[in-house]
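Under my numbering, residues 1 to 822 are what the sequence shown spells out, in order. The beta carbon of each residue, even a glycine, is placed where N, CA and C say it ideally should be. All values reported here derive from a predicted model rather than from experimental measurement. Structure, as structure tokens:
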Amino acid sequence: MHFTLSSVSIKTTILSVFLICFGFTYSQAQDSENTIDSLIVNAPKAIPLTAIIQNIQKTNEDLKLIERKLEANKAVHRVDSLYPTYAEYIDKQQEQTQKVLTSNPNRQKIENLYTKWNGNRIYLTGIEDDVNNYVSRNTRLLETIELHHKTWDLTLENAKNEEAPKEILTRITDLIKDIETVDKAIIEENNTALKLESKINFKVELINEIMEEILTLKTSETYDLFHLRNEPLWKTSFSKTEKSSNTSVLETASDSFKELVSFIKVNKSSFYLYFALVLFLFGIVYFLKRGFEKYEFVTNDPNLLISKDVILKHPVATFIFLSLLLGNIFFTGTPKLFESILILGLIIVSSYVVRPQIKTQFKNIYYVITFFYVIDSLKTFLWFHPGVYRIYLLLEATLIGVALYLLLKKLYQISDSKVNPLSKFLIQLSPVIYILVFIAVMSNILGYTNLTDITLKICTHIGVITVIFYSLLLILEGISTSLIHRHFSSKAVIDHSRKLALEIKLMKILRVVVLIFWFLFFLNMIEVYRPLKDYLTDVLSEPYSLGTITITIGSILSFIIILASSYLLTTLISFMIDDGDGEGILKSLRLPKGIPAAVSLVIRYFIVAFGFVFALSSLGMDLSKFNLLAGAMGIGIGFGLQTLISNFVSGLILVFERPILQGDTVEVDNLLGRVHKIGVRSSKIRTFDGAEVIVPNYNLMSNNLINWTLSDNIKRIDIFIGAAYDADPNLVLEILAKAGASHPNVLKTPPARGLFLEFGDNSLNFVLQCWVHYEVSLVTKSEVSVAVYNAFKEANIEIPFPQRDIHIKSMPNNNTLEDTKS
């Protein structure tokens, strides 16, 4: 998709004008609304006597609605009742954490502790936000109650002054008591919620302190990679140390399992939502699979064939993989055991996606990757004696080296031409693994166990994240290929070259994106991501002053990213909904021609408009300051941009009124061609000689416009022909009708017919009228004309040409001529 610089500039100009006008209008409306609300709240008025009964009924309905809202939301009370138990759990976890931190844990256990407390913080922060929202909603209800209270107090006083009936005064008094009762209930609810919010906030602060302590310990010299943390292996004692610094294997495993069960119970409602999303995901995978089954997929590109096979041959594996991946994303702050189970499931399921692409000699890699991932993860959940732990590390490193040698032994003997790219990459990577294994063994023996932990983590996890991300790449390529294939194949005419180019382009983009995420996960694996992120955060949030304006690099990047995302989203919507021919995803709704284009235009410009507003907000700009500028620009628009605005308005009329549609054949200002694109400022018409003409929309609306194909594309062609006076008119009419009806492009209804027009000077004049599709009108007229000529020739009917008889009354210089002859 290509855009010229001028079209982009014009769109930007129009959009800016629209945004400023919209912002000015919205600001005025908001100011007006705030003024009205302020007047209502601060200056309530007494209700007239004639309207008291009706307003009593309406106020009672409001009170019942408020009571129902208070009754419906009892989550705060449930949290308040469960909070002591959870607070006790937090205190117990704090004691266990202090016990672990004083027992010289390894790096993985430190990371596990940090993850656990981060999950607690996320959970409590979410509850705190819910309670805060509850308080904010009750505050708004209190404002309504106070308004009613003031209004009916004034009404009661006014009714007494006007000596209203006793029954009316009693009704008003009872209503005021009901209002006071509801007001008291809301205040009590708010007080309970505020107390609970204060308790939760105290625990959140405590968790933040614990996490800071863990992070400080993790970044201390004790856990530096090259810190001599233990004595050499030959000096290590294997005797039991004091019980306070050790925990049994069963106890640590039991704690991990209890933490998992507690997490599931606490997040029970989230699991219901997750399963609903999984069902929706199942429908998407089924839809993608049906796309390949319904429409034949023909291509010579091997990567596209692999993408097709992933969705078509392995839909169950694709569905399970995406479900597990969704679980990793959906549940934040999960226990380490839960996260490890999901990752293990991803490894197992990915084998069904990736293994078909791997040579037979290399298929055992999945068993190796899975085995060593489990072996390495056990260090996180089980507590070992320091000496036993180092022996465990030594055995793990040795097994990795042996397994790698046995796995690649056969591949070393295969020629390079018979090894696929993935196998080549792993063969080339094997020396690095051998080096890491050697470093792990030597560092463990010498006592540098921090270095041992990180090297073994790289050896065991690099294969895991590579396999998972490679499976994700294949699945995403399959999804993109299926969507593009279904989109193009459902059309009457398929543009195969555009389809192939789009499939390959999107595949390249996906590979770059997946590679970036793989790199980020690798940085996180080697524990570089967090300090790098903190460093970049500090750099991007550093303020810079330009005069009176203070900006940061991060806000500028946010501005650019939001605008780019808005543009990409509008491009995607244009492709999916409209795609230039009205055969997008709205085709199944059978909307009138041109409606998808209008829907696409409205959605796209609203997305870009709000994207522009959000982008300005990311820069820290106060949009209310644009009010004065908007007024000044409104005057400028009225005088300086009349033509642009008229074209803009005309474009909107063309889109919504639809006098011409994309693909119509139109004639305007002696210009005949097909409408190629209808824009907001101008439209493109492609003439039949191949030229593209940019026509301002105002010209299309103001000039006489002929649309040859608005309601249908049927056109009548007239073929005029003359016959000699000695021809039989009945035979001529029969020949004309037969020549028109016999041509395949001529419509049967209405039928072709020949008509006798007049007695001409030199011939009997006839016309043959045929109805044909506009696209083939010229060709049909030519072929039918030739058919008429051949039929006339066969029937010996002469087609006369104009003749004139000249009568000469006298010749000039006649005598001179005779003298010359004599």
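Tell whether a beta-carbon distance below 8 Å holds between L337 and S256.
Yes, they are a contact pair.
Locate the beta strand (DSSP E) running through P696, then write down its first and last residues.
Looking at the DSSP string, the run of the beta strand (DSSP E) that includes P696 is E692 to P696.
Could you pull the DSSP bridge partners for R716 from this structure?
Beta-bridge partners of R716 (DSSP): W771.
Which residue from M211, L472 and L399 puts its Cα closest to that of V437?
Measuring from the Cα of V437, the nearest candidate turns out to be L399.
Please list, in chain order, all residues of the same chain as T481 whose beta carbon is under 7 Å from its beta carbon, the five residues on each side excluded.
Contacts found: L304, S307, K308 and E503.
Skipping 5 residues on each side, what residues in its chain have a beta carbon closer than 8 Å to that of H149?
Here the set comprises I176, I179, E180 and D183.
Count the other CB atoms, across all protein chains shown, that sit within 10 Å of the CB of A276; report buried if there are 16 or more and exposed otherwise.
So A276 ends up on the exposed side.
Euclidean distance between Cα positions of L572 and V432:
Their Cα atoms are separated by approximately 42 Å.
Might you give, ordered along the chain, the residues of its own chain that have their beta carbon closer than 6 Å to the beta carbon of E231, omitting 5 neighbours on each side?
Closer than 6 Å at the Cβ level, and outside the excluded window around E231, lie G447.
Is it true that the region 197 to 208 meets the region 350 to 358, where meeting means three or more beta-carbon pairs spaced less than 8 Å apart?
At 8 Å Cβ cutoff, the stretches do not touch.
L700: which of L82, I797, N670 and S220 sits nearest, CA to CA?
Nearest of L82, I797, N670 and S220 to L700, Cα basis: N670.
Under a three-way DSSP split, which group does T334 fall into?
Per DSSP, reduced to three states, the secondary structure at T334 is coil, with no helix or strand assignment.
Return the bridge partner residues of F759 from the DSSP annotation.
Answer is L764.
Using CA atoms only, rank isn't needed, just tell me which of R107, L451 and S136 is closest to N190.
Here the closest residue by C-alpha is S136.
Starting from N707 and walking both ways along the alpha helix (DSSP H), at which residues does that stretch end?
Taken as a continuous stretch (DSSP letters only), N707 belongs to no alpha helix (DSSP H), being part of the beta strand (DSSP E) at L705 to N707.
Since D224 and N450 should fall inside the 8 Å C-beta cutoff, what is the C-beta to C-beta distance between them, to a whole number of angstroms?
Contact between D224 and N450 holds, with the beta-carbon distance rounding to 7 Å and staying under 8 Å.
6 Å CB neighbourhood of A29 in its chain, flanking five on each side removed
Because the pLDDT of A29 is 38, which lies under 50, any placement of that residue in the model is unreliable, and the number read from its coordinates should be weighed accordingly. Nothing listed; no residue qualifies.
Does DSSP put P543 in a helix, in a strand, or in coil?
In the structure shown, P543 sits in a strand (DSSP, three-state: E or B).
Should D453 go down as buried or exposed, given a rule of 16 or more other Cβ atoms within 10 Å for buried?
The residue is buried, with at least 16 neighbouring Cβ atoms inside 10 Å.
CB of I719 within 8 Å of CB of K781, strictly:
Yes; because the gap between Cβ atoms is below 8 Å, this pair is in contact.
Exposure of Y366, with buried meaning 16 or more beta-carbon neighbours within 10 Å
Under this definition Y366 is a buried residue.
Cβ-Cβ separation, I468 to M525 (assumed contact under 8 Å), whole Å:
Wrong, their Cβ atoms sit about 12 Å apart, outside the cutoff.
Say the cut is 7 Å; is the CB of Q96 nearer than that to a heavy atom of the ligand MG?
For the ligand MG, the structure offers nothing, since it holds no ligand at all.
Cutoff 8 Å; reference E157; Cβ partners in own chain excluding five residues on either side:
Short of 8 Å from the beta carbon of E157, and not among the five residues preceding or following it, lie these beta carbons of its own chain, in chain order: A46.
As a quick exercise: from L49, T299, G760 and L619, pick the residue whose alpha carbon is nearest that of P165.
Comparing alpha carbon positions, the residue from L49, T299, G760 and L619 closest to P165 is L49.
With 16 other CB atoms within 10 Å as the buried threshold, where does H807 fall?
Around the Cβ of H807, a 10 Å sphere holds fewer than 16 other Cβ atoms; the residue is exposed.
Under 8 Å by Cβ, that's how I've got A723 and S763 pegged, so tell me the actual separation to the nearest angstrom.
Rounded, the Cβ-Cβ distance is 6 Å, consistent with contact.
Considering only residues of the same chain and omitting the five flanking positions on each side of L394, which have a CB-CB separation below 7 Å?
So the list reads V441 and N444, once near-sequence residues are dropped.
By the three-class DSSP mapping on this structure, what secondary structure does E667 have?
Strand.
So, with DSSP's three-state summary, where would you put H487?
Reduced to three states, the DSSP call for H487 is helix.
May I ask you to report which of helix, strand or coil DSSP gives S27?
Only weak support exists for where S27 lies, its pLDDT of 39 falling under 50; the value from the coordinates is given anyway. Taken through DSSP and simplified to helix, strand or coil, S27 comes out as helix.
Just the Cα atoms here: how many angstroms apart are I348 and T102?
When rounded, the separation of the alpha-carbon atoms in I348 and T102 is 37 Å.
Looking at C-alpha atoms only, which residue of P744, N765 and K313 is the closest neighbour of A787?
For A787, the nearest C-alpha among the options comes from P744.
Separation of D174 from N60, as counted between CA atoms
Counting only the Cα atoms, D174 lies some 11 Å from N60.
Count the other C-beta atoms from every protein chain shown that fall within 10 angstroms of the C-beta of L456, then say buried if there are 16 or more, exposed otherwise.
Its Cβ being crowded by 16 or more others within 10 Å, L456 is buried.
Report the rounded CA-to-CA distance for L682 versus K738, giving the unit in angstroms.
The identity of residue 682 in the sequence shown is Ser, whereas the question assumes Leu. Distance from the CA atom of S682 to the CA atom of K738, rounded to whole angstroms, is 46 Å.
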